[in-house]
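Below is one structure, written out as structure tokens; comments come after it.
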Amino acid sequence: MPNEQEQSLRSAITPQEHAVKNRGSKMKKTFVIAIAAGLVSLSACNSSPREQAADKIESNTEAVADNLEDAADRVDNEAVEDRLENKADAVRATGQNQAEDMRTNDPDTNLSNGM
Numbered sequence: 406m407p408n409e410q411e412q413s414l415r416s417a418i419t420p421q422e423h424a425v426k427n428r429g430s431k432m433k434k435t436f437v438i439a440i441a442a443g444l445v446s447l448s449a450c451n452s453s454p455r456e457q458a459a460d461k462i463e464s465n466t467e468a469v470a471d472n473l474e475d476a477a478d479r480v481d482n483e484a485v486e487d488r489l490e491n492k493a494d495a496v497r498a499t500g501q502n503q504a505e506d507m508r509t510n511d512p513d514t515n516l517s518n519g520m
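Heads up: the sequence shown begins at 406 in this note's numbering, then just goes up one per residue.
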């Protein structure tokens, strides 16, 4: 009966076996990343500069709101946590309103969007 060390040596795979087992894994990852990058660039090409600006407003305010919510999760004081979560909701709503304003109002005739 072989001992544990002999069994582990027998079950170890050689570098050649490892290469065969993982063949194509790097290529698959590269392919998926390339497809994702292509889709992102295509989606940006089909939108107007105003739509792109509105998307940036939304993504930036969403990131700020997420950071505030993460900070709220890390505090021990319930009142502070509630204030941070309320601030996150307000930031998110403001960002959505500004983005919608950017999409719907003409910057030449309406100064509410800041352009």
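Backbone N, C-alpha and C fix where the C-beta goes; we use that ideal spot for every residue, glycine too.
Computed from a prediction, not measured in an experiment: that's the story for all the values here.
{"Query": "Residue span of the alpha helix (DSSP H) that contains residue 480, given as start and end", "Result": "Residue 480 -> no alpha helix (DSSP H), and no H or E assigned at all."}
{"Query": "Whole-angstrom distance between residue 441 and residue 458, CA atom to CA atom", "Result": "21 Å"}
{"Query": "Rounded straight-line distance, which links the Cα of residue 488 to that of residue 502", "Result": "21 Å"}
{"Query": "Simplified DSSP assignment, three categories, for residue 464", "Result": "helix"}
{"Query": "DSSP three-state assignment for residue 446, whether helix, strand or coil", "Result": "helix"}
{"Query": "DSSP state of residue 518 mapped onto helix, strand, coil", "Result": "Confidence at residue 518 is low in this model, with a pLDDT of 49, below 50, so its placement is unreliable and no value can be given for it."}
{"Query": "Beta-carbon proximity of residue 470 to residue 508, cut-off 8 Å", "Result": "no"}
{"Query": "Whole-angstrom distance between residue 473 and residue 510, CA atom to CA atom", "Result": "29 Å"}
{"Query": "Residue 462 classed as buried or exposed, judged by whether at least 16 other C-beta atoms fall within 10 angstroms", "Result": "buried"}
{"Query": "Min CB distance residue 478 to chain B below 8 Å", "Result": "The structure shown has no chain B; it contains just one protein chain."}
{"Query": "Rounded distance between the beta-carbons of residue 500 and residue 467, thought under 8 Å", "Result": "7 Å"}
{"Query": "Reduced DSSP secondary structure (H/G/I, E/B, other) of residue 510", "Result": "coil"}
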